[in-house]
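Just so we're aligned: 173 in our numbering is position 32 of the sequence shown, and the numbers increase by one with no gaps anywhere.
Each residue gets a CB set at the ideal place from its N, CA and C atoms; glycine is no exception.
Nothing here was measured: the structure is a model prediction, and the numbers come from that model.
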Amino acid sequence: MGIFKKFFDKLKYIFKKSQLDDDFYDELESLLVSSDMGVETALDILDELKAVCKQKLIKEVDAASKELKNILISKLNQDKIEFSYPLIITVVGVNGVGKTSSIAKMAKYFLGQKKSVLLAAGDTFRAAATEQLNMWAEKLKVKIVKQGEGADSAAVVFDAISSMKAKNNDVLIVDTAGRLHTKTNLMKELEKINNIIKREYPEAKKLNLIVLDASIGQNSIAQIKAFKDSVDIDGIILTKLDGTSKGGVVYPIVNDLSVPIVFTCFGEKVDDISPFDVQNFVEKILM
Ligand code: GDP
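What follows is the structure, encoded as structure tokens:
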């Protein structure tokens, strides 16, 4: 599997070739720092690794890598996410981050959990967005609620909730417009959507998830903050973890911003998604 390919490749190189000497620790430090986990976290991890290797008299690189894994796990303070149903997921994010494909991937994931899924084409800003989502709905054989270009996205959501209730669907996934430069309008629109959901289906579990492209590393923190100023963000879908060495950014996101990662995506295929699990995530880094 290609997840964290570059990070992993470099890590493997370090762990294969080096002795547990200063060079080894220097190389590991620059690798961790360049993964965008933050200098402080990287140095903390290194200090802990040095201390534990000293204490346990570890001389083998292989044994050190096991200790590194434990430390990487212990430094990510996030519980496993549990879903409850009926569930309404509103998906926000900047265009191009992988919003549409993440919706399709989540739909496929919930179908795999034997849940009935409904999509709402709430990005009424671009005709192409509805078309693209519609294509996925056909492919996955799930129902989609849509209106024409320029329609009121809150009205689409209202319709979708009626349909969800009538059909007793378990999961509704709502697409929303993804343009930062129309920020004020966009944020108002999101607020309106959120209010409709709260009003029309208060007993449903509501999650606002932001889609972030992992390859932009630290910049994703600015994106979360920009959205968080106006709407509640309950969690993150982190995409494009395949082929990036910037995935260490999960550390500041989870630890400093206290926003949990809900799903990770690691490829273009519709199955390339998994609910976030700390252990599994770190194992994928080191595998
Ligand atoms: P949107 O504009 O945010 O809706 O983005 P799309 O879902 O259309 O995705 C934009 C591009 O990113 C497409 O070419 C996707 O195939 C690609 N993409 C999305 N998620 C991933 C991922 O996890 N890994 C890779 N390699 N590509 C992805």
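Residue i and residue j closer than 9 Å at C-beta
{"i": "residue 218", "j": "residue 395", "result": "yes"}
{"i": "residue 194", "j": "residue 208", "result": "yes"}
{"i": "residue 166", "j": "residue 152", "result": "no"}
{"i": "residue 402", "j": "residue 377", "result": "yes"}
{"i": "residue 404", "j": "residue 246", "result": "yes"}
{"i": "residue 222", "j": "residue 393", "result": "no"}
{"i": "residue 140", "j": "residue 352", "result": "Nothing about residue 140 can be read from this structure; the chain reaches only from 142 to 428."}
{"i": "residue 400", "j": "residue 369", "result": "yes"}
{"i": "residue 294", "j": "residue 333", "result": "yes"}
{"i": "residue 356", "j": "residue 311", "result": "no"}
Cβ distance (whole Å) where residue i is taken to contact residue j below 8 Å
{"i": "residue 212", "j": "residue 205", "result": "Actually they are not in contact, since the Cβ atoms of residue 212 and residue 205 sit about 10 Å apart, beyond 8 Å."}
{"i": "residue 235", "j": "residue 364", "result": "6 Å"}
{"i": "residue 285", "j": "residue 260", "result": "4 Å"}
{"i": "residue 292", "j": "residue 315", "result": "14 Å between Cβ atoms; not a contact."}
{"i": "residue 281", "j": "residue 248", "result": "5 Å"}
{"i": "residue 335", "j": "residue 372", "result": "7 Å"}
{"i": "residue 177", "j": "residue 387", "result": "5 Å"}
{"i": "residue 173", "j": "residue 389", "result": "7 Å"}
Beta-carbon proximity list for residue i, same chain, < 6 Å, skipping 5 on both sides
{"i": "residue 229", "result": "313, 338, 345 and 347"}
{"i": "residue 409", "result": "none"}
{"i": "residue 279", "result": "none"}
{"i": "residue 168", "result": "155"}
{"i": "residue 268", "result": "290"}
{"i": "residue 305", "result": "259 and 313"}
{"i": "residue 288", "result": "297"}
Distance cut-off 8 Å: residue i Cβ against heavy atoms of ligand 3
{"i": "residue 300", "result": "As for ligand 3, it is missing from this structure, which binds only ligand 1."}
Beta-carbon proximity list for residue i, same chain, < 7 Å, skipping 5 on both sides
{"i": "residue 309", "result": "none"}
{"i": "residue 179", "result": "392 and 393"}
{"i": "residue 250", "result": "414"}
{"i": "residue 263", "result": "294, 297, 298, 315, 316, 317 and 334"}
{"i": "residue 359", "result": "177 and 390"}
Neighbourhood of residue i by C-beta, 8 Å cutoff - its chain only, sequence neighbours within 5 removed
{"i": "residue 161", "result": "194, 199, 200, 201, 202 and 205"}
{"i": "residue 303", "result": "341"}
{"i": "residue 143", "result": "Note that residue 143 has pLDDT 41, beneath the 50 cutoff, so the model's placement of it is unreliable and the number below is only indicative. Correct list, in chain order: 383, 384, 407 and 408."}
{"i": "residue 424", "result": "210"}
{"i": "residue 191", "result": "166"}
{"i": "residue 214", "result": "419, 420 and 423"}
{"i": "residue 189", "result": "212"}
{"i": "residue 413", "result": "246, 383, 406 and 407"}
{"i": "residue 265", "result": "271, 288, 289, 290, 291, 292, 293, 294, 297 and 318"}
field: Cβ contact (3+ pairs, closer than 8 Å) linking the stretch 325–344 and the stretch 267–282
entry: no
task: Flag this pair as touching only if the stretch 234–251 and the stretch 375–382 have three or more C-beta atom pairs under 8 Å; answer yes or no.
output: yes
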